[in-house]
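Colleague: Quick note: the sequence shown uses the working numbering, first residue 39, plus one each step. Even glycine gets a Cβ: it sits at the ideal position worked out from N, Cα and C. As the structure is a computational prediction, the values presented were derived from the model and not from experiment.
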Amino acid sequence: MKTLEEIIINLPSNSSTLIENKIKLSSNTLIVIKDDFRVLKTQVVNPHVAIRGAFLKSGKVLAQYIVVNLREKGFNSYYKFWFDYNDSKCLKLLLNLVKQKYIYIILCDNNNNLVKEISLENTMKPFFKEYIERCLKTDCKWSKKQYRKMLEELSDKFIDDYYLWRELGEDIIKS
């Protein structure tokens, strides 16, 4: 299993991912964001974090996604994360999120330097659990191709992440 440092080094600039971090006998899902955080590094690093999420159904496909918004003076960015119940890695990440007490966010700059570690109380547990329950009730079976097509349709509808953010309504988590 790769270390967190190896994952950060291999993560492309200006991108984000969800990873599983195993510590002793427990596992946590981490949100890792790699971006140009120069503005954050020159100030006291305490960005405002908000998370919104939704379920998306298209044909047979039921997806869950969250959007993380980081804001500070001169910095405002959105990061999308998708969950596919039929993908074993996604399901494992979701199950961790249902159990863990905190949402962990790791911010790194594009030179692979740690900028900030953020932990927020995980008030999203019911949201993640609901997705799993919906999928169990409807016997969700779709192909990776169907799932990708649904994501492409959403990307075509919301070219800018800001408009997707506005469409999602209220924050589930806010710091």
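Check whether the Cβ atoms of Phe-196 and Gly-91 sit closer than 7 angstroms, and answer yes or no.
Modeller: In the sequence shown, residue 196 corresponds to position 158, counting from 1. In the sequence shown, residue 91 corresponds to position 53, counting from 1. No, the Cβ-Cβ distance between Phe-196 and Gly-91 is not below 7 angstroms.
Colleague: By how many angstroms is the C-alpha of Ser-181 removed from the C-alpha of Ile-96?
Modeller: The sequence position of residue 96 within the sequence shown is 58, counting from 1. The sequence position of residue 181 within the sequence shown is 143, counting from 1. Correcting the residue identity first, residue 96 is Ser in this sequence and not Ile. Their Cα atoms are separated by approximately 13 angstroms.
Colleague: Span of the beta strand (DSSP E) holding Asn-66?
Modeller: Along the sequence shown, one-based indexing puts residue 66 at 28. Here the beta strand (DSSP E) through Asn-66 covers 64 to 73.
Colleague: For my contact list, Ile-71 and Leu-145 are in at a C-beta cut-off of 8 angstroms; report their separation, rounded to the angstrom.
Modeller: Mapped onto the sequence shown, residue 71 falls at position 33. Mapped onto the sequence shown, residue 145 falls at position 107. With 8 angstroms as the limit, Ile-71 and Leu-145 qualify as a contact, their Cβ atoms being about 5 angstroms apart.
Colleague: What distance in whole Å lies between the Cβ atoms of Val-105 and Asp-199, which are believed to be in contact at a cut-off of 8 angstroms?
Modeller: Sequence index remark: in the sequence shown, residue 199 carries index 161 (1-based). Sequence index remark: in the sequence shown, residue 105 carries index 67 (1-based). That belief holds up - the Cβ atoms of Asp-199 and Val-105 are roughly 7 angstroms apart, short of 8 angstroms.
Colleague: Could you check where the alpha helix (DSSP H) with Lys-167 kicks off and where it finishes?
Modeller: Taking the first residue of the sequence shown as 1, we reach residue 167 at position 129. Its alpha helix (DSSP H) spans residues 163 to 175.
Colleague: Per DSSP, Arg-109 is paired with what?
Modeller: Here residue 109 refers to the residue found at position 71 of the sequence shown. DSSP lists His-86 and Asn-114 as the beta-bridge partner residues of Arg-109.
Colleague: Can you find the residues in the same chain that come closer than 7 angstroms, C-beta to C-beta, to Ser-115, ignoring five residues on each side of it along the sequence?
Modeller: Position 77 of the sequence shown, counting from 1, holds the residue named residue 115. Result list for Ser-115: Asp-73 and Leu-108, in chain order.
Colleague: Cα separation between Lys-127 and Lys-62?
Modeller: As a first step, residue 127 must be located in the sequence shown, where it is residue number 89. As a first step, residue 62 must be located in the sequence shown, where it is residue number 24. Going from the Cα of Lys-127 to the Cα of Lys-62 covers about 19 angstroms.
Colleague: Looking only at its own chain, which residues have a Cβ that is under 6 angstroms from the Cβ of Asn-59, when we skip the five neighbours before and after it?
Modeller: In the sequence shown, the residue the question calls residue 59 occupies position 21. By the criterion of a C-beta distance shorter than 6 angstroms, Asn-59 is surrounded in its chain by Asn-66 and Leu-68, once the five residues flanking it on both sides are discounted.
Colleague: Straight-line CA distance for Lys-187 to Trp-120?
Modeller: Looking up residue 187 in the sequence shown gives position 149. Looking up residue 120 in the sequence shown gives position 82. Distance between the alpha carbons of Lys-187 and Trp-120 is about 13 angstroms.
Colleague: Go ahead and label Tyr-103 buried or exposed: buried means 16 or more other beta carbons lie within 10 angstroms of its beta carbon, across all protein chains shown.
Modeller: Walking along the sequence shown from the start, residue 103 turns up at place 65. The residue is buried, with at least 16 neighbouring Cβ atoms inside 10 Å.
Colleague: Tell me which residues share the same chain as Gln-138 and place their Cβ nearer than 6 angstroms to its Cβ, disregarding the 5 neighbours each side in the sequence.
Modeller: Counting from one through the sequence shown, the residue named residue 138 turns up at place 100. Closer than 6 angstroms at Cβ, skipping near neighbours: Asn-66 and Asn-160.
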